[in-house]
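Numbering (our numbering), first residue to last: 34 to 187.
By construction, the Cβ of each residue, glycine as well, lies at the ideal position given by its N, Cα and C atoms.
See below for the structure under consideration.
Encoded structure:
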């Protein structure tokens, strides 16, 4: 009788040990995406000296911007940086262009769900005529530093 009890207890203990380690392991979760910050550098460039008399009354405004959009709705833009420079003395523009470099951080961008863009627009007013131009470019995911060159020429 004692042997049967011992046998039953051994079977129960072995079964308990066997089944206690047979649980399903939870599926490993994907690591959370880390945000990326991009330093965007804006530089001005001009090949014109603007010494002609027609530029005496000319003016220029340049808008520099960084924005992001959700990949699910690329038409929606979320401004991250936006500034406008106004230049009324065009003769100073070449010197300004040589020394101008503006660096801004994009803030946190989640490349799996967001698109980062940087660009510029400018507006010249010369002899009563207005010329406007603007463009932007998407910055590839994972880019650490991006240089945006703004060509200022008529």
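**Message:** Here's the rule: buried if 16 or more other CB atoms are within 10 angstroms of the residue's CB, otherwise exposed. What is residue 163?
**Reply:** Around the Cβ of residue 163, a 10 Å sphere holds fewer than 16 other Cβ atoms; the residue is exposed.
**Request:** Ignore the nearest five residues each way along the sequence and tell me which others in residue 129's own chain have a CB closer than 8 angstroms to its CB.
**Result:** Within the same chain, residue 129 has close Cβ partners 77 and 120.
**Message:** So, at 7 angstroms on beta carbons, what are the nonlocal neighbours of residue 146 in its own chain, with the 5 sequence-adjacent residues on each side left out?
**Reply:** Exclusion of the five residues before and after residue 146 leaves 103 and 104 as the residues of its chain whose Cβ lies within less than 7 angstroms of its Cβ.
**Message:** On the CB-based measure, 16 or more other CB atoms within 10 Å of its CB, does residue 177 come out buried or exposed?
**Reply:** Looking at its Cβ environment, which holds fewer than 16 other Cβ atoms inside 10 Å, residue 177 is exposed.
**Request:** Pull up the distance between the alpha-carbon of residue 114 and that of residue 82, whole angstroms please.
**Result:** If you take the alpha carbons of residue 114 and residue 82, they lie about 29 angstroms apart.
**Prompt:** Can you find a C-beta in chain D that's less than 9 angstroms from the C-beta of residue 173?
**Reply:** You won't find chain D in this structure, because it holds only one protein chain.
**Message:** With a threshold of 8 angstroms, are at least 3 pairs of Cβ atoms found where one atom belongs to the segment 94–102 and the other to the segment 146–157?
**Reply:** Touching, yes, given that three or more Cβ pairs across the two stretches are closer than 8 angstroms.
**Request:** Enumerate in chain order the residues of its own chain whose CB-to-CB distance from residue 72 is below 8 angstroms, with the five nearest sequence positions on each side excluded.
**Result:** Correct list, in chain order: 136, 137, 138, 139, 177, 178 and 179.
**Prompt:** For residue 173, which option in 69, 93, 133 and 62 has the closest C-alpha, if you only look at C-alpha atoms?
**Reply:** Here the closest residue by C-alpha is 69.
**Item:** Cβ-Cβ distance between residue 158 and residue 118 below 9 angstroms
**Value:** In this structure, residue 118 does not lie closer than 9 angstroms to residue 158 by Cβ.
**Item:** Counterpart residues of residue 169 in DSSP-defined beta bridges
**Value:** Beta-bridge annotation (DSSP): residue 169 is paired with 152.
**Prompt:** Roughly how many angstroms separate the alpha carbons of residue 109 and residue 101, rounded to a whole number?
**Reply:** Each residue's alpha carbon lies about 8 angstroms from the other.
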